[in-house]
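Protein chains: 2
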Amino acid sequence: MSGRGKRVTLQTIADRVGVSRATVSYAFSRPDQLSEKLRAEILKVAGELGYAGPDATARSLRLRRAGALGLLFTETLNYAFGDPYSIGLLQGMAAAVEDAGVGLLILPLLTGDGHAETVRGAVVDGFCVYSLPDGHPALEEVLRRGLPAVAVDEPYLPGYPLIGIDEMAAAGDAARHVLGLGHRRLGVIITGLYHQARTGWADVERQERGPFQARRTRIAGYRAAAEGAGIDWAGVPVYEVVRNTRESGREAAHELLRREPRPTAVLTVTDRLALGVLDAAADLGLRVPEDLSVVGFSDSEAAQGGLTTIRQPKEEIGKTAGRLLLSGRPLPEERLVMPYELVVRASTGPAGG
Amino acid sequence: MSGRGKRVTLQTIADRVGVSRATVSYAFSRPDQLSEKLRAEILKVAGELGYAGPDATARSLRLRRAGALGLLFTETLNYAFGDPYSIGLLQGMAAAVEDAGVGLLILPLLTGDGHAETVRGAVVDGFCVYSLPDGHPALEEVLRRGLPAVAVDEPYLPGYPLIGIDEMAAAGDAARHVLGLGHRRLGVIITGLYHQARTGWADVERQERGPFQARRTRIAGYRAAAEGAGIDWAGVPVYEVVRNTRESGREAAHELLRREPRPTAVLTVTDRLALGVLDAAADLGLRVPEDLSVVGFSDSEAAQGGLTTIRQPKEEIGKTAGRLLLSGRPLPEERLVMPYELVVRASTGPAGG
DNA sequence: TTGTATGCGTTATCAA
DNA sequence: TTGATAACGCATACAA
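So the protein lines, in turn, are chains A and B. In terms of this note's numbering, the first sequence opens at residue 63 and continues consecutively. In terms of this note's numbering, the second sequence opens at residue 63 and continues consecutively.
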């Protein structure tokens, strides 16, 4: 029908109908600006010509709005979509974009140098960056774009809002909970502290130097609480794993629980790792919480294992980020601290059981 | 610094440096096309002026490429992101877009008439529609755009590829599995047959009329297998629930298991529902599989409950969809049938236990 | 109610 | 190596 030839545009239709381009534009975008009859005629011809409708990109250019929010993940999307916390965030942002009738553009951020292109080419009205390490090259590009931008969890970008919980206080509460139960021999399992993670014991310096602010702070919260209880942090074994998986948690826990004296409480930075600790306890015939207390973080999958954990309002965080970006109002320039909650379940109990 | 005044564009920089717009464009997009010195000068001035970089939308318009794939969900995103099968699909598509260095634009499709606008405004190079009911208004809009498009699972769009498993055969295999174990008193739990779902018994006519092709076919597959074994389908109780949740499955199962004679095998259309059936069995003190066999569909969460189910290669399906759209080659115009697998676990056993 | 003219910001072509 | 010009396809102020 219309396969060959030039592309069908407003002009094509205008020529055919014998009206101006503007009139055809009105027929599609401002129906009330022209007579019903002419409009019908125009739409009919457009149909015959196989017109695809006003071009989305051209329209965006003219209207100066993209109709989408960009979301930057540092992880591969495959991983991100497998992580309950990320999913919760996504659900929250989704709710916000749904309400506003715009789309959500997910931007993968992987290897070396594609970053710049990815960020530069994104047709969006604003960016949300999620869990990026300090100094990640994509950050620079995002800021350069000059669009509204918010960060979730990390990193803090001077002059831009950062949405998340008070990691320091939350981790502190979690640690003080087990300390309050009388535990003195702690073990810690961490991940995601470095972009290029490792498996093995992490000394204090390594704990303090990682580029992921939130993770760093979380660990610092554990440490501060422990030291507040008179525990020498240098003596607390901290095991680092590469992947945030249940299996990694299990393996790490085996390392931790093989030590003498054996820790009586294990703190982790995610629920998945904590579930793995439960697995290890089962492997070793240790009772939870009589022989071992376990604490997670995020309350994403925690209920399954009866885990004590910190509940983060992930959907709320995502929704807030989305709304902020879509509000059209000037963005706050500081942290937006969201509430968290220490949820005590059956995985923690008094020491010396 | 540069807050007021006109927007900074290539021209602004060109004027300031005293070169042409094209040269400035080269400085950003084709570094090898101009002298290192001039380029440095241009970038320096751009920095001073706070230039945001080549505008993504203008660039898209000019280059005729959006750098993104659109994904249309019928459900609210909040639901979609909570569904393991959808997530798997998303992961697959994500892998494809990652490889190609483009983004994934998630398009919410909700209430009444926003559909057209959402689809029309999407700045994308192609569309993937997922699980849309026959005749959904968004479909028309997608086709009108004239971009590459593929459907996943449903619906079939004449002239476009449809990616999914052979639902009829898969459901048939699942049903024949329990029939082969000697079961004759079947019960079925379905959902997602209609956009406006209901809770209650669904007669044959209702089963056949729903607008969701894949679901319809899945049930038809059960039916064909049952009839092939000499069972009168009109006598098989089919219970429909609104939401695909474990709790709904449990409630439906209670309805089903209260019947006399009690079904000895329950077929469902999702794993979540099937897990709910296990819950109901536990409520009633029924042993699985001795007293009751249960079959799921999708193998998303099935392993948790030791469910017998159909495994769908969801990541593979998503990846295939993405790659097809990004290949630049003409799309196949028919079904792309992906392999499935009947996974037999502990939830099914011989009848008459 | 309809048409004219212009600009949105970029890149490709071609000539210098 | 750089510049002038012409698209890309649309929407809007303004004039008719």
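Beta carbons are placed, not taken as given, at the ideal position from N, Cα and C, and that holds for glycine.
- At the C-beta level, B:D294 and B:L404 stay beyond 9 Å of one another.
- In the three-state reduction of the DSSP assignment, A:A128 falls in the coil class, being assigned neither a helical nor a strand state.
- When DSSP reads this structure, A:I372 sits in a beta bridge with A:L404.
- Taking a C-beta distance under 9 Å as the contact criterion, A:A128 and A:F135 do not qualify as a contact pair.
- A:L151: not part of any beta strand (DSSP E); member of the alpha helix (DSSP H) spanning P146 to A162, first to last residue.
- The residue among B:P220, B:L105 and B:L152 with its C-alpha nearest the C-alpha of B:L393 is B:P220.
- Under DSSP, B:T253 shares a beta bridge with B:V303.
- The way I'd put it, the stretch 225 to 232 of chain A doesn't touch the stretch 150 to 158 of chain A; fewer than three beta-carbon pairs between them come closer than 8 Å.
- Look at A:G272 here: in three-state DSSP terms it is coil, with no helix or strand label.
- Collapsing the DSSP output to three states places A:S409 in coil.
- Under the DSSP definition of a beta bridge, A:T330 partners with A:I251.
- One thing to note: A:T371 has its Cβ no nearer than 9 Å to the Cβ of A:V303.
- Residue-level contact check: B:I149 touches chain A, since one or more beta carbons of chain A fall below 9 Å from its beta carbon.
- The continuous beta strand (DSSP E) containing B:F189 extends over residues F189 to Y192.
- Between A:S360 and A:D333, the C-beta gap is smaller than 9 Å, which places the two residues in contact.
- Cβ-Cβ distances below 8 Å link A:A276 to S193, D215, E216, G226 and E229 in the same chain, with the five nearest sequence neighbours on each side left out; the list follows chain order.
- Around the CB of A:E98, fewer than 16 other CB atoms lie within 10 Å, so the residue is classed as exposed.
- Contact annotation, A:D341 with A:R391: C-beta distance approximately 48 Å; criterion of less than 8 Å not satisfied.
- At a cut-off of 9 Å between beta carbons, B:L123 contacts chain A.
- For the stretch 177 to 202 of chain B, the beta-carbon criterion of a distance under 8 Å to any beta-carbon of chain A is satisfied by E179, T180, R182, G183, A184, V185 and V186.
- Proximity of B:P116 to chain A, defined by a Cβ-Cβ separation below 9 Å, is satisfied.
- In this structure, A:R397 sits away from A:Y147, with a CB-CB distance that is not shorter than 9 Å.
- Counting C-beta atoms within 10 angstroms of its own C-beta, B:E202 has fewer than 16 neighbours from the protein chains shown and is therefore classed as exposed.
- Interface with chain A (9 Å Cβ-Cβ cutoff): B:I168 is included.
- Counting other Cβ atoms within 10 Å of its Cβ, A:L319 reaches 16 or more and is therefore classed as buried.
- Looking at B:G80, B:V70, B:L111 and B:G144, the one whose alpha-carbon comes closest to that of B:D117 is B:V70.
- Contact between A:P170 and A:L387 fails: their C-beta atoms lie close to 20 Å from each other, not under 8 Å.
- Per DSSP, A:I225 lies in no alpha helix (DSSP H) segment; the continuous beta strand (DSSP E) that holds it begins and ends at L224 to I227.
- For A:P351, the number of other beta carbons within 10 angstroms of its own is at least 16, and it is reported as buried.
- Around B:V185, the same chain offers A128 as residues with beta carbons nearer than 6 Å, after the five sequence neighbours per side are excluded.
- Per DSSP, A:G109 is one residue of the alpha helix (DSSP H) stretching across E98 to L111.
- Rounded to the nearest angstrom, the Cβ distance from A:L348 to A:A288 is 22 Å, too far for a contact under 8 Å.
- By the Cβ-count criterion, B:Q366 is exposed, with fewer than 16 other Cβ atoms from all chains shown falling within 10 Å of its own Cβ.
- Judged by DSSP secondary structure, A:L72 falls within the alpha helix (DSSP H) whose first and last residues are L72 to V79.
- B:K68 counts as exposed, since fewer than 16 other beta carbons sit within 10 angstroms of its beta carbon.
- For A:S355, the secondary structure class from DSSP, reduced to helix, strand or coil, is strand.
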